[in-house]
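J.: One structure, as structure tokens, below. Some questions next.
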Amino acid sequence: MSGADLFDRLSNAGAVVTPAASAASTVLVGHAPEWLVEPTSLHQLGAVVRILDDSGIPWRVDSRGRNWGYDDARLRTPGVIVRLARLDRLSLDVELGLATVQPGVTFAKLKEALTEAGARFYLPPPGSGPHTSVLGNALDRGLLSGLGERERHCRDFLVMERDGSLHRPGWTGAEDARVRGALPYPPGPHGQGALFQTAGYGPVVVELTHVLQVATAQAMRLVVLSGPVLTEELVRCWRELLLEGLVSGSLLAPQARRRAQGTAIAHDGLVLDLSVTAGSVATLRAKAADVQRVVRQHGQRLALRVSEHPDDLRILGGDGERPEEVAQLASGLEWHTAALPFAPSMIVAFAKAVQAEATLADTPWSLRPLDDRAVVWLSPFVYRKDDPADIERLRRRSAAFDRIRGEFHLPTYRSGGARGGR
Ligand SMILES: Cc1cc2nc3c(=O)[nH]c(=O)nc-3n(C[C@H](O)[C@H](O)[C@H](O)COP(=O)(O)OP(=O)(O)OC[C@H]3O[C@@H](n4cnc5c(N)ncnc54)[C@H](O)[C@@H]3O)c2cc1C
86 MSGADLFDRL SNAGAVVTPA ASAASTVLVG HAPEWLVEPT SLHQLGAVVR
136 ILDDSGIPWR VDSRGRNWGY DDARLRTPGV IVRLARLDRL SLDVELGLAT
186 VQPGVTFAKL KEALTEAGAR FYLPPPGSGP HTSVLGNALD RGLLSGLGER
236 ERHCRDFLVM ERDGSLHRPG WTGAEDARVR GALPYPPGPH GQGALFQTAG
286 YGPVVVELTH VLQVATAQAM RLVVLSGPVL TEELVRCWRE LLLEGLVSGS
336 LLAPQARRRA QGTAIAHDGL VLDLSVTAGS VATLRAKAAD VQRVVRQHGQ
386 RLALRVSEHP DDLRILGGDG ERPEEVAQLA SGLEWHTAAL PFAPSMIVAF
436 AKAVQAEATL ADTPWSLRPL DDRAVVWLSP FVYRKDDPAD IERLRRRSAA
486 FDRIRGEFHL PTYRSGGARG GR
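The structure is reproduced here in structure tokens:
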């Protein structure tokens, strides 16, 4: 099938087809799509998928296409991106605290609907801002403050196979819809994990149900102020806070991270951000006292956090409220990640190895817990797109990070669809 024939068939199916060969991206790797194909209904998506399957052209799907630093607007080989942003149906079960979302539903749209419904539930947006996709971020195992690993918060998937057929894995279709949403897994063996981190090259998830967080009435932001070098005692303290269930969100970052985001904090060492939440003032006070006890036991220093959490996109010179501009910015970014066990000696050894590498010493890394057994190391490498020396530096940094990750036999946590190396 010629390119023109394919273009005509996709357009005739009713989808919005845009030539996208020069599409901007935050990442250097991969290929720009020849076309961006945007179906406006599930029926159209079925037709598009069958046409593409028939044509043999490589294609991947994304939801909002804002997987900045991983694979936004990029493919592994030349081909087509099917963007599902126009499929944006949302339904809420405010009694059970569940949101059923199509790919186009953003965190902002979900928040608005929950506010309108007066629900006691919410879902925190990622650092990439509120205009990214709830479903897309979840499928790439996105990290949301306080939620940790997302797979267990997602259920009742409606999936379109690459031949256009639709099904709900693990369910017969005869079950009560609320039961499907309320149960974490379908009965019996299931393959839900196979739907995650396919980078849009696998089955297409056209709907899923996401468990929402309870919006607690009381919250307090605390920080553990530590020295510039990561110590086992700090990691032990952090883990103890998690094991005792005292904090609902936490993140560890060095001064370089705060500098990159333009946050002015006098402290020049590591900061462990803690968020403590409770249903009542009395419980919040009791929890804060317990946090103080654990922090003291580990010889660390606790303080109240006064500054607001800055917009993460400032690392790039961007703004979460202007998502359409991010890929066009003068600076790009690549995330390099590693998953580690929550073992103090290993985390400290890994941090030391990264610090000891000259090209990596000043990176604004952060560590985030997946739960109380595993953490994720995230290093954002920012580069100026028009500066060959900076691009060369990015390559050297990536190679150095990959080498260290390899020496510790660690997998990446996320790497996106434009790079291999999962
Ligand atoms: C400065 C900065 C800060 C960031 N902070 C965070 C953060 O705090 N937490 C975080 O998680 N991420 C963060 N990111 C990374 C990224 O921007 C977000 O994860 C963003 O939410 C993903 O974009 P999206 O929602 O538009 O998903 P998409 O790009 O649409 O999708 C994400 C991935 O899932 C696949 N996918 C999407 N939809 C489907 C589908 N229907 N079926 C099958 N596969 C699909 C896509 O192919 C893609 O690989 C940050 C990025 C930057 C640059």
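Residue numbers (our numbering): 86 to 507.
Ideal Cβ placement from N, Cα and C applies to all residues, glycine included.
Is the beta carbon of A284 within less than 8 Å of some heavy atom of ligand 1?
T.: Counted from its first residue, the sequence shown places residue 284 at position 199. It does: the Cβ of A284 is within 8 Å (strictly closer) of some heavy atom of ligand 1.
J.: I need the straight-line Cα distance from E123 to P209, nearest angstrom please.
T.: Walking along the sequence shown from the start, residue 123 turns up at place 38. Walking along the sequence shown from the start, residue 209 turns up at place 124. In a straight line, the C-alpha of E123 is about 27 Å away from that of P209.
J.: I need the boundaries of the beta strand (DSSP E) containing H421, first residue and last residue.
T.: Taking the sequence shown and counting its residues from 1, one reaches residue 421 at position 336. Counting along the chain, the beta strand (DSSP E) containing H421 begins and ends at S416 to P426.
J.: Can you tell me which of D225, V299 and G354 puts its alpha carbon nearest to the alpha carbon of S333?
T.: On the sequence shown, position 248 is the one that residue 333 refers to. Of the listed residues, the one whose Cα sits closest to S333 is V299.
J.: Do you know how far the Cα of F242 is from the Cα of L183?
T.: Here residue 183 refers to the residue found at position 98 of the sequence shown. Here residue 242 refers to the residue found at position 157 of the sequence shown. Rounded to the nearest angstrom, the two C-alpha atoms are 13 Å apart.
J.: What residue from S392, R168 and A267 has the CA that sits closest to Q126's CA?
T.: The residue given as residue 126 occupies position 41 in the sequence shown. Checking the displayed sequence, the identity of residue 126 turns out to be Ser instead of Gln. Measuring from the Cα of S126, the nearest candidate turns out to be R168.
J.: Using the Cα positions of R507 and Q413, report the straight-line distance between them to the nearest angstrom.
T.: Mapped onto the sequence shown, residue 507 falls at position 422. Mapped onto the sequence shown, residue 413 falls at position 328. The predicted model places R507 with a pLDDT of 48, which falls under 50 and marks its position as unreliable; any figure quoted below should be read in that light. Their backbone Cα atoms lie some 27 Å apart in a straight line.
J.: Quick one, are the C-beta atoms of L224 and V296 less than 9 Å apart?
T.: As a first step, residue 224 must be located in the sequence shown, where it is residue number 139. As a first step, residue 296 must be located in the sequence shown, where it is residue number 211. In this structure, V296 does not lie closer than 9 Å to L224 by Cβ.
J.: According to the neighbour-count rule (16 or more other Cβ atoms, all chains shown, within 10 Å of its Cβ), is V314 buried or exposed?
T.: If you number the sequence shown from 1, residue 314 lands on position 229. Its Cβ having fewer than 16 others within 10 Å, V314 is exposed.
J.: Alpha carbon to alpha carbon, what distance is there between R399 and G347?
T.: Here residue 347 corresponds to residue number 262 of the sequence shown, with the count starting at 1. Here residue 399 corresponds to residue number 314 of the sequence shown, with the count starting at 1. Answer to the nearest angstrom: the Cα atoms are 7 Å apart.
J.: Out of T316, P211 and T191, point me to the one whose CA is closest to A434's CA.
T.: Against the sequence shown, residue 434 aligns to sequence position 349. Ranking T316, P211 and T191 by Cα distance to A434 puts T316 first.
J.: Quick one: residues in its chain with C-beta nearer than 6 Å to the C-beta of R247, no 5 flanking neighbours on either side, listed in chain order?
T.: One-based indexing of the sequence shown puts residue 247 at position 162. Result list for R247: D138, in chain order.
J.: Is V289 a contact residue of ligand 1, with contact defined as CB to any heavy atom under 8 Å?
T.: Position 204 of the sequence shown, counted from the first residue, corresponds to residue 289. Because some heavy atom of ligand 1 lies under 8 Å away, the Cβ of V289 counts as near it: yes.
J.: From D457, V460, S464 and I432, pick the residue whose C-alpha is nearest to that of P449; which is it?
T.: For the purposes of this step, residue 449 is taken as the residue at position 364 of the sequence shown. Closest option to P449, Cα to Cα, is S464.
J.: Looking only at its chain, what residues have a beta carbon closer than 6 Å to the beta carbon of R488, apart from the 5 residues adjacent to it on each side?
T.: As a position in the sequence shown, residue 488 is number 403, starting the count at 1. Excluding positions up to five away in sequence, the list is empty.
J.: Check whether the segment 267 to 283 touches the segment 319 to 331, counting contact only when three or more Cβ pairs, one atom from each stretch, lie closer than 8 Å.
T.: Output reads no: the segment 319 to 331 does not touch the segment 267 to 283.
J.: Got a sec: does ligand 1 put a non-hydrogen atom nearer than 8 Å to the Cβ of W120?
T.: Residue 120 sits at position 35 when you count from the first residue of the sequence shown. Flag unset: Cβ of W120 not near ligand 1.
J.: When you compare only the Cα positions, how much space is there between I432 and A443?
T.: Translated into the one-based positions of the sequence shown, residue 432 becomes position 347. Translated into the one-based positions of the sequence shown, residue 443 becomes position 358. For I432 and A443, the distance between alpha carbons rounds to 19 Å.
J.: What would DSSP say about R499, mapped onto helix, strand or coil?
T.: As a working note, residue 499 is residue 414 in the sequence shown. R499 falls in the coil class under three-state DSSP.
J.: Quick check on the burial criterion: 16 or more other C-beta atoms within 10 angstroms. Buried or exposed for T62?
T.: Nothing about residue 62 can be reported from this structure: the residues present for the chain run from 86 to 507 only.
J.: Does DSSP classify F281 as helix, strand or coil?
T.: On the sequence shown, position 196 is the one that residue 281 refers to. F281 falls in the coil class under three-state DSSP.
J.: In the segment 279 to 360, which residue ranges form an unbroken alpha helix (DSSP H) of at least 4 residues, counting only runs that do not cross its ends?
T.: Listed in chain order, the complete alpha helix (DSSP H) runs (minimum 4 residues) inside the segment 279 to 360 are 317 to 328 and 340 to 345.
J.: Go through its chain and collect everything with a Cβ distance to A105's Cβ below 8 Å, but skip five positions before and after it.
T.: Position 20 of the sequence shown holds residue 105. So the qualifying residues of the chain are A117, P118, E119, W120, L121, A158 and I166.
J.: Does the Cβ-Cβ distance between T368 and M305 come in under 9 Å?
T.: In the sequence shown, the residue the question calls residue 368 occupies position 283. In the sequence shown, the residue the question calls residue 305 occupies position 220. No, Cβ-Cβ distance for T368 and M305 is not below 9 Å.
J.: With a CB to CB cut of under 6 Å and the five nearest residues on each side skipped, what residues in its chain are close to A423?
T.: Within the sequence shown, residue 423 is the residue found at index 338, counting from 1. Taken in chain order, the residues that qualify are W462, R490 and L495.
J.: Output yes or no for whether 9 Å exceeds the beta carbon distance between Y468 and S416.
T.: Position 383 of the sequence shown holds residue 468. Position 331 of the sequence shown holds residue 416. Going by C-beta atoms, Y468 is nearer than 9 Å to S416.
J.: So, do the segment 141 to 156 and the segment 202 to 222 have three or more beta carbon pairs nearer to each other than 8 Å?
T.: Cβ pair count under 8 Å is three or more, so yes.
J.: Report whether the distance from the Cβ of Y468 to the nearest heavy atom of ligand 1 is below 8 Å.
T.: Indexing the sequence shown from 1 puts residue 468 at position 383. Y468: no, Cβ never under 8 Å from ligand 1.
J.: Rounded to a whole number of angstroms, what is the C-alpha to C-alpha distance between D472 and R504?
T.: Translated into positions along the sequence shown, residue 472 becomes position 387. Translated into positions along the sequence shown, residue 504 becomes position 419. Looking at the two C-alpha atoms, the distance is approximately 21 Å.
J.: DSSP state of A373, grouped into three classes?
T.: Position 288 of the sequence shown holds residue 373. Helix.
J.: May I ask you to list the residues that DSSP assigns as paired with I166?
T.: On the sequence shown, position 81 is the one that residue 166 refers to. L121 and R145.
J.: Is L398 near ligand 1, in the sense that its beta carbon is under 8 Å from a heavy atom of that ligand?
T.: Position 313 of the sequence shown, counting from 1, holds the residue named residue 398. Yes, the beta carbon of L398 sits closer than 8 Å to at least one heavy atom of ligand 1.
J.: Could you check where the alpha helix (DSSP H) with L224 kicks off and where it finishes?
T.: Residue numbering aside, residue 224 sits at position 139 when the sequence shown is read from its first letter. From DSSP, the alpha helix (DSSP H) with L224 extends over V219 to L224.
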